[in-house]
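Structure record follows, encoded as structure tokens.
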Amino acid sequence: MCPAIQPPNGTRDLYPIEAARRRFITEAWRRVSINHGFEEIDGPTFEHLELYTVKSGEGIVSELFSFRREGGEKDFALRPEFTPTLARMYAARAGSLPKPTKWFTCGPFFRAERPQRGRLREFLQWNCDVIGGASTHDLVQADAEAIACCVELLRELGLTPADVRVKIGHREIITAILWSAGLSRARTQEALQLLDRRPKIEKGEFHKQSILLGLDPDRFDELTAQVQSVCGRELEARVNPETHIHLPNGESDVTVPIEILDDFKRHLDAAGVSNWCQFDLSIARGLAYYTGMVFEVIVDGERAVAGGGRYDNLIELFGGPSTPAVGFGMGDVVLSLVLQDKGLMPTDAELLEIAGQRPDVFVISNGTPEADAKLGSVVAELRRSTGRQSHGLHVRRSYKATRNVGKLLREASDIRARFAVILESGTEATIKNLETGEQDQARTPVASLGEQIRRRRGN
RNA sequence: GUGUCUGUAGCUCAGUUGGUUAGAGCACGAGGUUGUGAUCCUCGGGGUCGCGGGUUCGAGUCCCGUCAGACACCCCA
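Quick note on this note's numbering: the first sequence kicks off at 142 and runs consecutively.
Below, the structure written as structure tokens:
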């Protein structure tokens with residue numbers, strides 16, 4: 142034996158129970174997105190390196206796992222996110238895809254960062270995207286649909302508005318305010334990234350950085366508060382239904398279109414998720430490609446559970462037709478932590494049940510030579526499908542040497558089998574329901590065991 | 001890439017001011033008793049104490065280095 146090789150930094154070995162926990166999450170992702178009309182797609186787990194550098198610049202390379210084949214000339218990178226792949230896939234078939242196209246995917250992603258709480262180097266991420274839309278109304282509806290789908294997942298897993306907050310911001314509005322507060326158009330991106338970092342830095346530091354960018358931080362906060370007080374108000378609480386807020390900006394005014402926001406809120410209301418959401422202009426998101434609505438799902442003390450927004454220029458950037466899109470991503474790492482902390486992760490036994498991994502039958506021999514000889518074929522027979530209408534049963538047997546029926550029933554009980562079948566001879570068996578403890582008085586012919594078990598299971 | 005803390009069995013942990021062949025519970029396995037799931041009794045496998053070096057007659061224990069993990073910074077898709 143060579144010295145034990147450990148799993149790479151920031152990766153996880155998943156033993157059966159952990160794999161079941163992961164499935165619990167991925168199946169919820171899949172179920173919710175399908176119910177919301179998204180279709181599952183998938184792409185390669187590695188791409189040409191340039192797919193990522195084109196959008197984000199060379200600086201991103203240090204955050205990627207990239208590689209070149211021995212003797213090869215092309216650089217590849219394990220995917221750190223799905224959006225470029227999505228944009229590439231959409232661009233390739235844009236002409237023949239429905240409008241809008243609603244896609245989701247869940248799979249592994251890789252980032253070469255130091256692992257810490259809520260962040261690993263390999264993780265699962267769920268992405269939902271709505272691509273396309275002709276009118277402003279379409280886009281607003283798509284924004285709300287993305288958020289609604291994300292919220293339904295949280296609800297499905299047992300979280301409540303008391304546990305999580307969906308904070309919604311808007312790039313157009315916040316940039317309008319930035320410009321009004323003296324920022325030049327050219328520094329917009331830097332300013333947005335500064336805003337994204339703001340909660341983590343000192344007040345004075347933010348002030349200093351703002352001045353460096355040519356932004357008046359006090360004026361900015363003043364204007365933000367003004368706009369926030371109008372935008373953040375509930376629909377019914379509006380005294381005067383303002384439709385625009387005008388911000389002075391040197392030569393021309395900048396306009397914040399409140400009626401679009403109201404439309405958006407009506408959609409969130411209709412989707413029944415507005416009590417999860419709050420409008421919060423401090424949400425900026427660090428990513429360069431967001432163009433409109435942005436949002437984050439926040440839990441106290443943790444990193445963002447999910448985040449996303451509107452990216453109307455990206456499909457075009459990847460060679461497709463100019464197409465607006467909105468989407469979000471949710472990782473399994475923070476989500477798992479939140480579920481564990483809130484006591485919402487099912488118990489081991491519940492996971493078996495949910496995952497459909499409880500054995501239907503545990504087959505035991507009574508120790509006679511005829512029963513011993515028959516056991517293998519009974520197991521095989523029960524496992525076999527009897528046609529399209531009825532799948533094979535989940536059947537297990539003991540691998541222990543003991544013939545002690547009590548110990549074997551204990552084993553059956555430990556693995557949470559639904560029924561025990563005790564072979565009494567080569568031709569007959571006794572069925573015991575392990576949930577109720579009821580055991581048949583009459584014996585069942587071996588040939589009809591499958592039918593009996595299926596009937597009692599209810600399928 | 002930087003900093004802080006932590007490394008003893010699969011898991012949770014004992015292990016005296018440095019002193020024989022490193023322990024317990026759980027888990028796992030074998031056997032025994034009871035043809036029925038709680039049990040009970042006996043036995044067993046499993047650790048170069050993260051790894052390497054140093055101090056010492058002697059290191060799980062002290063020192064240095066290194067690796068790994070957790071947490072924070074950087075960055076956030």
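All C-beta atoms in this analysis are idealised placements derived from N, C-alpha and C, irrespective of residue type, glycine included.
query = Alpha carbon to alpha carbon, how far is A466 from E579?
reply = 58 Å
message = Using only the alpha-carbon positions, how far apart do M471 and A447 sit?
response = 4 Å
task = Drop a sphere of 10 angstroms on the beta-carbon of I158, count the other beta-carbons inside from all chains shown, and report buried for 16 or more, exposed for fewer.
result = I158 should be labelled exposed.
task = Per DSSP, which residues does W267 bridge with? Please list them.
result = C247, M471
ask   = Under 7 Å, do A161 and A496 count as touching if we go by C-beta distance?
value = yes
key: Inside the region 211-259 only - alpha helix (DSSP H) runs reaching at least 4 residues   = Qualifying alpha helix (DSSP H) stretches, in chain order: 224-234.
ask   = Can we say the region 538-546 touches the region 480-492, given the rule of at least three CB pairs closer than 8 Å?
value = No contact exists between the region 538-546 and the region 480-492.
inquiry  = Taking the alpha carbon of R444 as the reference point, which residue from N416, D337, S463 has its own alpha carbon closest?
reply    = D337
ask   = Opposite I572 in the DSSP bridges: which residues?
value = V562
query = Does the distance from the CB of I315 to the CB of L388 come in under 7 Å?
reply = Between I315 and L388, the C-beta spacing is not below 7 Å.
message = Starting from R306, trace the alpha helix (DSSP H) in both directions and tell me its first and last residue.
response = Element bounds for R306: not the alpha helix (DSSP H) but the beta strand (DSSP E), 306-311.
message = Here's a check: name, in chain order, each residue in its chain whose Cβ is nearer than 7 Å to the Cβ of Q282, leaving out the five neighbours to either side.
response = H408
Selection from T226, E491, H535 that minimises the alpha carbon distance to G184 = Here the closest residue by C-alpha is T226.
request  = May I have the straight-line CA-CA distance separating R598 from V536, to the nearest angstrom?
outcome  = Pairing R598 with V536, the inter-Cα distance amounts to about 13 Å.
inquiry  = Could you compute how far the alpha carbon of I146 sits from the alpha carbon of E286?
reply    = 46 Å
message = Quick test of your reading: G433 and H311, contact by CB under 8 Å. State the CB separation rounded to the nearest angstrom.
response = Sure, about 6 Å apart at Cβ, within 8 Å.
ask   = From which residue to which residue does the beta strand (DSSP E) around I556 run?
value = Following the DSSP letters along the chain, one finds I556 in no beta strand (DSSP E), marked with neither H nor E.
key: Extent of the continuous alpha helix (DSSP H) run through H278   = 277-297
key: Segments of 4+ residues assigned as alpha helix (DSSP H) that fall wholly inside the region 501-555   = 510-524, 546-555
key: Contact belief for E569 with R551 at Cβ below 8 Å, rounded distance in angstroms   = Not really, about 23 Å apart at Cβ, beyond 8 Å.
inquiry  = Taking the beta carbon of L364 as the centre, do at least 16 other beta carbons fall within 10 Å, making it buried, or is it exposed?
reply    = Under this definition L364 is a buried residue.
message = Quick check on the DSSP output: the alpha helix (DSSP H) that includes A411 runs from which residue to which?
response = 399-411
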